Amino acid sequence: HAPDRPLKSFARFPVGCAVTAERLADPADAALIARHFSQLTPEWEMKMEYILQDDGTFRFDAPDAIAGFAHEHGLRLFGHNLVWYAQNPVAFRRLDGKPKAFADAYRNYILAVAGRYAGQAVGWDVVNEAVAEDGNGLRACLWSRNLGQIDYIRRAFDHAHEADPTAVLFINDYNLESLPKKRASFVRLVEKLLQAGAPVGGVGTQTHIDAGLEPGALRRTLGDLADFGLPIHVSELDISLNRAGPAWRSRAGLAEAQLRLAEEAAEAFSTLAANQRFAFTLWGLKDGQSWLRSPKENRHPPWDAPLAFDDAGRRKPVFDALAAGFAGQ
Ligand code: G3I
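Using mature numbering (1 follows the signal peptide of the UniProt record, and there is no 0), the first residue of the sequence shown is number 5, and each one after it goes up by one.
Structure below.
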């Protein structure tokens with residue numbers, strides 16, 4: 005293919021990238037993002053940790069900048085995320101154990117945030133990572149403690165739908181491809197929500213995958229999720245050494261695994277029915293910007309390279325593997 009074809013040009017569905025306002029303010033990164041992708045997911049600046057201040061006020065400067073960039077470049081904006089166990093803002097902790105005030109603040113937050121981007125965001129991760137890490141049932145969290153285990157999820161979807169009836173509302177989780185038990189719990193949760201009439205419009209599988217993932221796991225996962233007949237979002241792809249065994253702990257081993265997994269993920273997604281391919285999102289632009297390389301995570305050797313562009317902005321073999329998988333070659 006032409007040496008500089010945009011990644012999105014190989015796919016018959018939106019190809020997304022996780023971004024920050026800082027990245028979009030960098031001319032080189034902004035140009036790469038606008039050229040290769042057709043959808044943006046704010047990596048953290050549309051979450052409570054950024055928006056909701058300790059005094060209960062909201063700040064929208066960064067998420068507005070991301071939404072503005074998407075609008076200016078004709079890119080789809082995907083909201084991430086409204087409710088997540090990992091976010092424990094002071095403004096809500098202060099209401100812990102005060103059910104009425106907590107429920108009002110919860111509805112107010114979701115209406116304010118989803119309402120602000122109504123008509124622009126094509127969809128939202130309404131609730132992120134509700135299933136327990138080991139797949140045994142659902143996580144206990146600030147939200148489930150104050151609103152009920154299923155009810156906090158049901159309310160979040162109802163509030164988001166009230167705020168933006170046009171957005172496709174997703175429930176999103178990870179390790180669905182590596183932990184079949186977790187995938188089964190996720191499927192049961194979605195079934196329960198749909199049966200209860202919750203406006204779940206799509207399912208997200210993050211797909212943070214490890215070099216050691218066994219062949220076929222991605223195809224099986226997408227197949228299970230396709231049974232709902234809902235749009236599917238591969239929402240946070242990166243390919244790394246997370247829990248991979250020693251066999252992959254070498255540059256060559258990782259490179260080989262990344263090519264295999266990138267093509268398998270892209271191909272499996274490309275073979276889904278058109279109405280079930282919501283989008284395929286990479287969790288970042290350049291290797292060095294990956295969350296996996298952040299000081300907090302720092303779980304990976306410096307040469308770990310989970311994404312499609314190197315730190316100089318050059319495409320890597322993973323780029324070509326994704327392109328081949330998207331094009332079904
Ligand atoms: O850049 C600011 C810095 O200026 C500030 O001083 C500092 C103070 O805490 O924060 C820095 O921002 C950090 C940001 O990443 C940098 O991009 C935030 O603290 C930190 O919380 C944030 O981490 C993000 C994390 O979610 C928590 O929101 C990661 O970037 C992001 O990759 C990660 O993404 C999650 C998905 O949302 C859900 N699935 C798992 C995935 C990986 O954990």
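A virtual CB, placed ideally from N, CA and C, is assigned to each residue, including glycine.
From a predicted model like this one, the values you see are computed outputs, not experimental measurements.
Note to self: Tell me the residue span of the alpha helix (DSSP H) that contains THR275.
What the structure shows: In the sequence shown, the residue the question calls residue 275 occupies position 271. Looking at the DSSP string, THR275 is not in any alpha helix (DSSP H), and its letter there is neither H nor E.
Tell me whether TYR110 counts as near the ligand G3I, meaning its Cβ is closer than 8 Å to at least one heavy atom of that ligand.
As a first step, residue 110 must be located in the sequence shown, where it is residue number 106. No, the beta carbon of TYR110 sits no closer than 8 Å to any heavy atom of the ligand G3I.
Handout entry: For GLY317, the first and last residue of its enclosing alpha helix (DSSP H)
Key = Within the sequence shown, residue 317 is the residue found at index 313, counting from 1. Taken as a continuous stretch (DSSP letters only), GLY317 belongs to no alpha helix (DSSP H), as it is neither H nor E.
For SER244, report the span of its beta strand (DSSP E) as first-last. Position 240 of the sequence shown holds residue 244. Element bounds for SER244: 236–244.
**OP:** Alpha carbon to alpha carbon, how far is GLY83 from ASP100? Give it in angstroms, no decimals.
**Re:** Counted from its first residue, the sequence shown places residue 100 at position 96. Counted from its first residue, the sequence shown places residue 83 at position 79. Roughly 26 Å between the two C-alpha positions.
| Given 8 Å as the limit, is there contact between the segment 43–51 and the segment 307–323, that is, 3 or more CB pairs closer than that? | no
Segment contact, 8 Å Cβ cut-off, at least three pairs: the segment 204–218 with the segment 250–266:
yes
Would you decide whether ARG192 is buried or exposed? Buried here means 16 or more other CB atoms lie within 10 Å of its CB. Reading the sequence shown from its first residue, position 188 is the one you call residue 192. By the 10 Å Cβ count, ARG192 comes out exposed.
Does any heavy atom of the ligand G3I sit closer than 8 Å to the C-beta of THR285?
Locating residue 285 in the sequence shown gives position 281, where the first residue counts as 1. For the ligand G3I, not one heavy atom lies less than 8 Å from the Cβ of THR285.
task = Could you check the C-alpha separation between ARG39 and LEU79 for me, to the nearest Å?
result = Start at 1 with the first residue of the sequence shown, and residue 39 comes out as number 35. Start at 1 with the first residue of the sequence shown, and residue 79 comes out as number 75. The straight-line gap from Cα to Cα measures roughly 10 Å.
Can you name the start and end residues of the beta strand (DSSP E) that ILE213 belongs to?
-> Here the question's residue 213 lines up with position 209 in the sequence shown. Run containing ILE213: 212–214, per the beta strand (DSSP E) assignment.
Report the three-state DSSP secondary structure of THR285 (helix, strand or coil).
Within the sequence shown, the letter at position 281 stands for residue 285. Looking at THR285 - three-state DSSP - the assignment turns out to be strand.
Residue range of the unbroken alpha helix (DSSP H) whose run includes PRO46
Along the sequence shown, one-based indexing puts residue 46 at 42. That residue, PRO46, is in no alpha helix (DSSP H); its beta strand (DSSP E) goes 43–46.
Exercise for review: Tell me whether the beta-carbon of PHE284 lies closer than 9 Å to the beta-carbon of GLY20.
Suggested key: On the sequence shown, position 280 is the one that residue 284 refers to. On the sequence shown, position 16 is the one that residue 20 refers to. Yes, the pair counts as a contact, with Cβ atoms nearer than the cut-off.
* Asked: TYR178: beta carbon under 8 Å from a heavy atom of the ligand G3I?
  -> As a first step, residue 178 must be located in the sequence shown, where it is residue number 174. Yes - the ligand G3I has a heavy atom lying nearer than 8 Å to the Cβ of TYR178.
Evaluate GLU271 with the Cβ neighbour count: other Cβ atoms within 10 Å of its Cβ, from every protein chain shown; 16 or more gives buried, anything less gives exposed.
For the purposes of this step, residue 271 is taken as residue 267 along the sequence shown, with counting starting at 1. With 16 or more Cβ atoms within 10 Å of its Cβ, GLU271 is classed as buried.
Notebook entry, point to check: Among SER298, LEU226, ASP324, which one has its Cα closest to the Cα of GLN262?
Noted result: In the sequence shown, counting from the first residue as 1, residue 262 sits at position 258. It is ASP324 whose Cα lies nearest to the Cα of GLN262.
* Can you tell me which of the three DSSP states ASN140 falls into? => Residue 140 sits at position 136 when you count from the first residue of the sequence shown. In this structure, ASN140 counts as coil in the three-state DSSP scheme.
ALA309 - partner residues in DSSP beta bridges: Your numbering for residue 309 matches position 305 in the sequence shown. Its beta-bridge partners do not exist; DSSP assigns none.
Problem set entry | Same chain only: Cβ atoms within 7 Å of ASN160, ignoring 5 sequence neighbours per side | For the purposes of this step, residue 160 is taken as residue 156 along the sequence shown, with counting starting at 1. In the sequence as displayed, the identity of residue 160 is Ala instead of Asn. Correct list, in chain order: LEU86, VAL87, ILE114, VAL130, VAL131.
Fill in: Where LYS290 falls: helix, strand or coil (DSSP)
Counting from 1 along the sequence shown, the entry for residue 290 is found at position 286. Of the three classes helix, strand and coil, the one that applies to LYS290 here is strand, per DSSP.
Starting from ASN179, trace the beta strand (DSSP E) both ways and give me its first and last residue. On the sequence shown, position 175 is the one that residue 179 refers to. Counting along the chain, ASN179 falls outside any beta strand (DSSP E), and DSSP gives it neither H nor E.
On the DSSP bridge assignment, give the partners of ILE128 in chain order. The residue you call residue 128 lines up with position 124 of the sequence shown. In the sequence on display, residue 128 carries Trp and not Ile. TRP128 is bridged to GLY83, LEU173.
query = Below 9 Å between beta carbons: does that hold for LEU151 and PHE190?
reply = Within the sequence shown, the letter at position 147 stands for residue 151. Within the sequence shown, the letter at position 186 stands for residue 190. Their beta carbons are not under 9 Å apart, which means LEU151 does not touch PHE190 by this criterion.
Sub-9 Å separation of HIS163 and ARG111 beta-carbons
For the purposes of this step, residue 163 is identified with residue 159 of the sequence shown, where counting begins at 1. For the purposes of this step, residue 111 is identified with residue 107 of the sequence shown, where counting begins at 1. Closer than 9 Å, so yes.
- Message: According to DSSP, PHE62 sits in a beta bridge with which residue or residues?
- Response: Counted from its first residue, the sequence shown places residue 62 at position 58. Partner(s): LEU56.
For a test of the three-state rule: what should DSSP assign to residue 341, helix, strand or coil? Absent from the structure is residue 341, since the part of the chain shown begins at 5 and ends at 333.
- Task: Kindly give me the distance between the Cβ atoms of ILE70 and VAL23, rounded to whole angstroms, as I take these residues to be in contact under 8 Å.
- Result: Position 66 of the sequence shown, counted from the start, is the residue given in the question as residue 70. Position 19 of the sequence shown, counted from the start, is the residue given in the question as residue 23. Going by Cβ atoms, the distance from ILE70 to VAL23 rounds to 6 Å, so yes, they are a contact pair.
**Item:** Residue(s) in a DSSP beta bridge with GLY20
**Value:** Numbered from its first residue, the sequence shown carries residue 20 at position 16. Per DSSP, GLN43, THR285.
By how many angstroms is the C-alpha of LEU286 removed from the C-alpha of ALA32?
-> On the sequence shown, position 28 is the one that residue 32 refers to. On the sequence shown, position 282 is the one that residue 286 refers to. Near 18 Å, if we compare the C-alpha coordinates of LEU286 and ALA32.
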